[in-house]
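The structure under discussion appears below in the form of structure tokens.
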Amino acid sequence: MRRTAFVLLTALCLSAPVMAQDNPMQATILNQLEAFKADDFATAFTFASPTIKGIFMTPQNFGAMVTQGYPMVHRPGAVKMLEAREVAGNLWQKVMITDQAGRTHILDYQMVETAEGWQINAVQLLPEPGVGA
């Protein structure tokens, strides 16, 4: 039973990039995550919006922010796309990332369409369910 579940989960995870090819917003996020896994901050920076590029100025500054503030994004274990939605005219893609230690994190990616295609304009780490102020 466990082996069957593992095989099924592995097949699902391996098919995620194929499914994302049909969704350019999700492909942008997955491509950036792949660049982070390779420590290719220059490529990861290309998926950031002009606003984010203006804030961090260089791929090195951007990479330092991610490695220090979003370690689950820098070294994701598993990634699952959740719902996409529009909030106050902005498009958001919710993503579940399981880190290398097995902890699950829910992040919200604000996406903007530019001349270069879909880019990431913001990322918010959402509170765990049941945790709030």
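Numbers 102 to 234, taken from the working numbering, label the letters of the sequence shown in order.
Ideal placement from N, C-alpha and C gives every residue a C-beta, glycine not left out.
From a predicted model like this one, the values you see are computed outputs, not experimental measurements.
For a quick check, are the C-beta atoms of residue i and residue j less than 9 Å apart?
i    : j    : result
T182 : T129 : The displayed chain sequence assigns Met, not Thr, to residue 182. In this structure, T129 does not lie closer than 9 Å to M182 by Cβ.
D209 : V224 : yes
F142 : G178 : no
F148 : F157 : no
Q127 : Q194 : yes
Between residue i and residue j, what straight-line distance do the alpha-carbon atoms span, to the nearest angstrom?
i    : j    : result
N162 : P230 : 31 Å
N222 : L192 : 10 Å
Q133 : I198 : 13 Å
L226 : T205 : 11 Å
V180 : G155 : 27 Å
T159 : I207 : 27 Å
E184 : Y171 : 21 Å
A202 : G190 : 36 Å
For the alpha helix (DSSP H) that residue i lies in, which residues bound it at each end?
i    : result
Q211 : Here Q211 belongs to no alpha helix (DSSP H); instead the beta strand (DSSP E) covers 205–215.
L134 : 125–138
A145 : 142–147
P230 : P230 -> no alpha helix (DSSP H), and no H or E assigned at all.
M158 : Premise fails: M158 is in no alpha helix (DSSP H) and is neither H nor E.
First and last residue of the beta strand (DSSP E) that includes residue i?
i    : result
Q194 : 191–200
L183 : 177–188
The ligand GTP and residue i: does any heavy atom of the ligand fall closer than 8 Å to the residue's C-beta?
i    : result
L183 : Among the components of this structure there are no ligands whatsoever, and the ligand GTP is therefore not found.
Keeping to the same chain, check which residues put their C-beta closer than 8 Å to that of residue i; ignore five residues upstream and five downstream.
i    : result
P151 : T215, Q220
D140 : G164
E187 : W193
D123 : none
By Cβ distance below 7 Å, which residues in the same chain neighbour residue i in space, the five residues on each side in sequence not counted?
i    : result
V167 : F137, V174, H175
P125 : G218, W219
Output needed for residue i: all residues of its chain with C-beta closer than 6 Å, excluding positions within five of it in sequence on either side, in chain order.
i    : result
T144 : A136
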